[in-house]
Amino acid sequence: IDFWKEPTREMQNVTVHVPPEGASKLEGVLRDIGLKFYTITDDLEEWIEREREDNYPGSHLQGRTTGFAFDVYHPLDEVRMPI
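Residues in the sequence shown are numbered consecutively from 1, following full-length UniProt numbering.
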């Protein structure tokens, strides 16, 4: 189990990632001990790919004639350059 949101106090929700081969076993254990749970997604890779597409580096630069490198330093006047 990979905790993505760890518990910080009693009776608080947690978010975990479980590999597909361990999901049914974990669900069984949680049911057996009476814990409520729900599955956010059965395909995490699909969510990651969708987020990658939504956050594609060029998607917010529409209208610029050249790309803008976010991994290098730019002076303030260059950052404020009109889009």
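Cβ atoms here follow ideal geometry from the backbone N, Cα and C, with glycine treated the same way.
None of the values given here were measured: they were computed from a predicted structure.
Worksheet item: In angstroms, rounded to a whole number, what distance separates the CA positions of Pro19 and Tyr73?
Response: Stepping through the sequence shown from its first residue, residue 19 is reached at position 19. Stepping through the sequence shown from its first residue, residue 73 is reached at position 73. Approximately 39 Å between the Cα atoms of the pair.
Worksheet item: Near Asp2, what residues of its chain come up, given a Cβ to Cβ distance below 8 Å and the 5 sequence neighbours on each side ignored?
Response: For the purposes of this step, residue 2 is taken as the residue at position 2 of the sequence shown. Val16, His17 and Val18.
Worksheet item: Which residues in the same chain have their Cβ closer than 6 Å to the Cβ of Leu26, if we skip the five residues on either side of it in sequence?
Response: Here the question's residue 26 lines up with position 26 in the sequence shown. Annotation for Leu26: Val18 place their beta carbon closer than 6 Å to its own, counting only its chain and skipping 5 residues before and after.
Fill in: Residue burial classification, His60 (beta-carbon count within 10 angstroms, cutoff 16)
Residue 60 sits at position 60 when you count from the first residue of the sequence shown. The pLDDT assigned to His60 is 49, lower than 50, so where the model puts this residue is not dependable; a value taken from the coordinates is nonetheless given after this. Label assigned to His60: exposed.
Worksheet item: Using a Cβ-Cβ cut-off of 7 Å (strictly less than) and excluding sequence neighbours within five positions of Val14, which residues of its own chain qualify?
Response: Taking the sequence shown and counting its residues from 1, one reaches residue 14 at position 14. Excluding residues within five positions, the ones whose Cβ falls inside 7 Å are Phe3, Lys5, Glu6 and Pro7.
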